[in-house]
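Asks:
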Amino acid sequence: MSRILVVYYSRSGHTEFVARQIAARCHADLERIEDSASRDGVLGYLRSALEAIFRLRPSIQRARRRPRDYDLVIVGTPVWFWSVASPVRTWVHRHRSELDNVALFCTCGGSGHANAMDDLEALSGRPALARLALTERAVPQCQRDPALRSFLLELKRVRAVSVSLPPMHDQAPA
Ligand SMILES: Cc1cc2nc3c(=O)[nH]c(=O)nc-3n(C[C@H](O)[C@H](O)[C@H](O)COP(=O)(O)O)c2cc1C
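Under the numbering used here, the residue at position 94 of the sequence shown is numbered 92, and the numbers go up by one with no gaps.
#1: Where do the N-terminal and C-terminal ends of the alpha helix (DSSP H) with Ile20 fall, by residue?
#2: Quick one: give me the first and last residue of the alpha helix (DSSP H) that Val90 is part of.
#3: Taking the alpha-carbon positions, what's the Arg92 to Asp143 distance?
#4: Nearest CA to the CA of Leu3: which residue from Leu130, Arg9, Ser10, Ala22?
#5: Classify Met166 as buried or exposed, calling it buried when 16 or more other Cβ atoms lie within 10 Å of its own Cβ.
#6: Report all residues from its chain with a CB closer than 8 Å to the CB of Leu163; omit the five preceding and five following residues, and keep chain order.
#7: To which residues does DSSP link Ser36 through a beta bridge?
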């Protein structure tokens, strides 16, 4: 069976929620990218905004898991100013030589997701095998979202990933 790692950053929980759903459905290990300094409050927001706008790579804590130990790495980011969240930029830059097969997902308020995932692809140096974008409003119901289902099916198709698919929400009870 393929070894899969879901690695993500989340400041306010949306991306983490999706990461946990994906990891459970792909039987994957989970790695949260941890900041070295707090991003709470207004100052934390401003720092995040500046880092996203100027494409900076802030310090993050050392990863627990090595991407090279996995057949597929699924990277998740919130969209920050139409781009990748800066801690994810740091992580991908640090590990890009270990990333052979990559899939991407992001959560956002509603705009900039395509640009953010294009940035992530460029950072990782390869096209993603599959991409998923969800608005933060869609996150709580993502189990029933056809986009998540398509994402998982695509991973199954291109990498023979063993996935537990969520039920179709319009499926009639047996
Ligand atoms: C600094 C910052 C910049 C953001 N920029 C965007 C943006 O450009 N487009 C958008 O749709 N949402 C934007 N958002 C909203 C987040 O992408 C959205 O709330 C996301 O789901 C947060 O994920 P998280 O809860 O995992 O941190 C921004 C949020 C922050 C904190």
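Quick reminder that beta carbons are idealized off the backbone N, C-alpha and C, glycines included.
Replies: The structure says:
#1: Taking the sequence shown and counting its residues from 1, one reaches residue 20 at position 22. First-last of the alpha helix (DSSP H) with Ile20: 12 to 24.
#2: For the purposes of this step, residue 90 is identified with residue 92 of the sequence shown, where counting begins at 1. In the DSSP assignment, Val90 falls within the alpha helix (DSSP H) that extends over 84 to 93.
#3: Walking along the sequence shown from the start, residue 92 turns up at place 94. Walking along the sequence shown from the start, residue 143 turns up at place 145. Spanning the two alpha carbons is a distance of roughly 32 Å.
#4: Here residue 3 refers to the residue found at position 5 when the sequence shown is read from its first residue. Comparing Cα positions, the closest option is Ala22.
#5: In the sequence shown, counting from the first residue as 1, residue 166 sits at position 168. Met166 is exposed by the Cβ-count criterion.
#6: Position 165 of the sequence shown, counted from the start, is the residue given in the question as residue 163. Result list for Leu163: Arg23, Arg147, Leu150, Leu151, in chain order.
#7: Numbered from its first residue, the sequence shown carries residue 36 at position 38. BP columns for Ser36 are empty, so no partner.
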